[in-house]
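Novice: Before we start, here is the structure in question, set down as structure tokens.
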Amino acid sequence: MRHLHVDLDRQFEQLELQLMRATLGIAALGSTAAYWVSISQYSWLYHVTLPFLLLAWLILSVVVWQAPKTYPIIKHIYLGTTVLYLLICLNGFFEQSTAQPLFLAFSLWFPVQYMVIYVLYPSHLAHRFALGLLVLSLFSLVVHLGVLSRIDPSQMAWLIHFYVASVVTIMMSRYVILIKDKYVLAYREANSDALTGLYNRRYLEDQLNEVVSYAVRYDKTVSVLLLDLDHFKQINDLFGHATGDIILKGFAEVLHLHLPKNAIAGRWGGEEFLVILPEMDLHRAWQVAEYIHVVMRSIKFKKVGSVTISVGVSELAPLDSIQTLIQRADQALYQAKGAGRNKTMPQLHDIQRSALYPSTKPAKTLN
Numbered sequence: 001m002r003h004l005h006v007d008l009d010r011q012f013e014q015l016e017l018q019l020m021r022a023t024l025g026i027a028a029l030g031s032t033a034a035y036w037v038s039i040s041q042y043s044w045l046y047h048v049t050l051p052f053l054l055l056a057w058l059i060l061s062v063v064v065w066q067a068p069k070t071y072p073i074i075k076h077i078y079l080g081t082t083v084l085y086l087l088i089c090l091n092g093f094f095e096q097s098t099a100q101p102l103f104l105a106f107s108l109w110f111p112v113q114y115m116v117i118y119v120l121y122p123s124h125l126a127h128r129f130a131l132g133l134l135v136l137s138l139f140s141l142v143v144h145l146g147v148l149s150r151i152d153p154s155q156m157a158w159l160i161h162f163y164v165a166s167v168v169t170i171m172m173s174r175y176v177i178l179i180k181d182k183y184v185l186a187y188r189e190a191n192s193d194a195l196t197g198l199y200n201r202r203y204l205e206d207q208l209n210e211v212v213s214y215a216v217r218y219d220k221t222v223s224v225l226l227l228d229l230d231h232f233k234q235i236n237d238l239f240g241h242a243t244g245d246i247i248l249k250g251f252a253e254v255l256h257l258h259l260p261k262n263a264i265a266g267r268w269g270g271e272e273f274l275v276i277l278p279e280m281d282l283h284r285a286w287q288v289a290e291y292i293h294v295v296m297r298s299i300k301f302k303k304v305g306s307v308t309i310s311v312g313v314s315e316l317a318p319l320d321s322i323q324t325l326i327q328r329a330d331q332a333l334y335q336a337k338g339a340g341r342n343k344t345m346p347q348l349h350d351i352q353r354s355a356l357y358p359s360t361k362p363a364k365t366l367n
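265 is the number that full-length UniProt numbering gives to position 265 of the sequence shown; each next residue is one higher, with no gaps.
Written out as structure tokens, the structure reads:
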């Protein structure tokens, strides 16, 4: 079953993957062009380290396009190779005066790497990696303190700007990541049910609109389950709301563990839950509901024992609307309760009904 946290993580991972592809491609092409126009200049260190970095970026770029699942490993390799190169550049600035302009230019990538770190990693890891890179750059400065007396004022000014820019970039990146974390928290709170952790009604309505629109556009089907905990009001009255909450959370866990992966489930209201089953016909949706029945019968809740459910099932019909789809599921649920509860009741639309129960009236004869 789809889960809000997983959905969000997947969305951010896709954005990070796109960023990694773009970063590797642009960095490789840009650095190749820079190396080509300056191939006859600068020191041996430049001609050893930059081609190695370019080769690494090109390989990583191809791999991340061909095998997106390797992205978690690729980002570590990218960060490691890039940071190593930048630290070599920074040390080269202190030690090789003939290559100072080049090292100055490439060391400006430091602030960019701080931002990349905060985009690619969770906030707690990003803070550590960014501070670690800053400490390494400061360590390089401390090691070469004796060289500073030979640096002219303009280069000294650059060093000051470099370290100040690094600190400011980290501070701003931390602020941006804080906003992102706040957004994620607000998004989850706005779209999930606080008690069960499933989607809330507003999010379900949005998802149902998207799923139905997709089904109509590409001639697919979609079914919905409307599930209700039987005798829930009596359970609350007899055993208290705390017990009722435990049952609601337990049922939500059943849905989370036992629904198909593409199912979208949430709390519709009170003790009612809605499950959206994309690309699933009425019969398969009925089988899913029956399986949930079996699981619920096997669970014993403290004080209460077994809790049964009633389920209404409906499938999207041609020219159907979201309202009529839900309405038929609600009617089926009402019929399941009227038939004694602890049942799954499918609600046929007109085309299904006419196929199963064809008219027995004789056809009209044409004169």
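All C-beta atoms in this analysis are idealised placements derived from N, C-alpha and C, irrespective of residue type, glycine included.
1. If you drop the 5 nearest sequence neighbours on each side, which residues of the same chain put their C-beta closer than 7 Å to that of residue 56?
2. Are there 16 or more other CB atoms within 10 angstroms of the CB of residue 98, so buried, or fewer, so exposed?
3. Return the residue from the list 155, 123, 162 and 344 that minimises the CA-CA distance to residue 138.
4. Please tell me whether residue 199 and residue 269 are closer than 7 Å, where the distance is taken between their beta carbons.
5. Is residue 300 buried or exposed, if buried means 16 or more other CB atoms sit within 10 Å of its CB?
6. Since residue 118 and residue 173 should fall inside the 8 Å C-beta cutoff, what is the C-beta to C-beta distance between them, to a whole number of angstroms?
7. Are residue 344 and residue 307 closer than 7 Å when you measure CB to CB?
8. For residue 295, collect the residues of the same chain with a Cβ closer than 6 Å to its Cβ; drop the 5 residues on either side in sequence, then sort them by chain order.
9. Whose CA, out of 245, 226 and 73, lies closest to the CA of residue 235?
10. How many Å lie between residue 188 and residue 142 at the Cα?
11. If you check the beta carbons only, do residue 263 and residue 277 fall under 7 Å apart?
12. Could you have a look at residue 264 and say whether DSSP puts it in helix, strand or coil?
13. Taking the beta strand (DSSP E) that residue 315 falls in, what are its first and last residues?
14. Answer with yes or no whether the minimum CB distance from residue 216 to chain D is below 7 Å.
15. Looking at residue 133 and residue 83, is the spacing between their C-beta atoms short of 7 Å?
16. Please work out which residues of its chain come closer than 8 Å, Cβ to Cβ, to residue 54, disregarding the five sequence neighbours upstream and downstream, and give them in chain order.
17. Which residue spans inside the UniProt domain "GGDEF" (220–349) form an unbroken alpha helix (DSSP H) run of at least 4?
18. Please tell me whether residue 309 and residue 229 are closer than 7 Å, where the distance is taken between their beta carbons.
19. Per DSSP, residue 199 forms a beta bridge with which residues?
20. Check whether the Cβ atoms of residue 280 and residue 223 sit closer than 7 Å, and answer yes or no.
21. Tell me the DSSP secondary structure of residue 73 in three-state form.
22. Could you check how far apart the C-beta atoms of residue 64 and residue 20 are, in whole angstroms? I think they sit under 8 Å.
23. Using a Cβ-based criterion (distance less than 6 Å to any ligand heavy atom), does residue 216 qualify as near the ligand GTP?
24. Taking the CB atoms as reference points, tell me whether residue 136 and residue 86 lie closer together than 7 Å.
25. I need the straight-line Cα distance from residue 76 to residue 305, nearest angstrom please.
26. Just the C-alpha distance for residue 207 and residue 316, rounded to the nearest angstrom, thanks.
27. Relative to the C-alpha of residue 182, which candidate in 95, 285, 326 and 123 has its C-alpha closest?
28. Go ahead and label residue 340 buried or exposed: buried means 16 or more other beta carbons lie within 10 angstroms of its beta carbon, across all protein chains shown.
29. Mark residue 328 as exposed unless 16 or more other C-beta atoms lie within 10 angstroms of its C-beta, in which case mark it buried.
Specialist: Taking the structure as given:
1. 81
2. Confidence in residue 98 is poor, its pLDDT being 47 and thus under 50, which makes the residue's placement too unreliable to answer from.
3. Just measuring C-alpha positions, the residue of 155, 123, 162 and 344 sitting nearest residue 138 is 162.
4. no
5. Counting other Cβ atoms within 10 Å of its Cβ, residue 300 stays below 16 and is therefore classed as exposed.
6. 4 Å
7. For the 7 Å CB-CB criterion, residue 344 and residue 307 do not form a contact.
8. 254 and 258
9. 245
10. 46 Å
11. yes
12. strand
13. 309–315
14. Structure shown: chain D not included; a single protein chain is present.
15. Yes. Within cutoff.
16. 28, 31, 32 and 35
17. Look at the UniProt domain "GGDEF" (220–349) and you find these whole runs of alpha helix (DSSP H), each 4 residues long or longer: 232–239, 241–258, 282–297 and 322–338.
18. yes
19. 192 and 266
20. Yes.
21. helix
22. 6 Å
23. Although the ligand GTP was asked about, the structure shown includes no ligands whatsoever.
24. no
25. 50 Å
26. 15 Å
27. Out of 95, 285, 326 and 123, the CA that lies nearest to the CA of residue 182 is found in 123.
28. Counting Cβ neighbours within 10 Å, residue 340 comes out exposed, since fewer than 16 surround it.
29. buried
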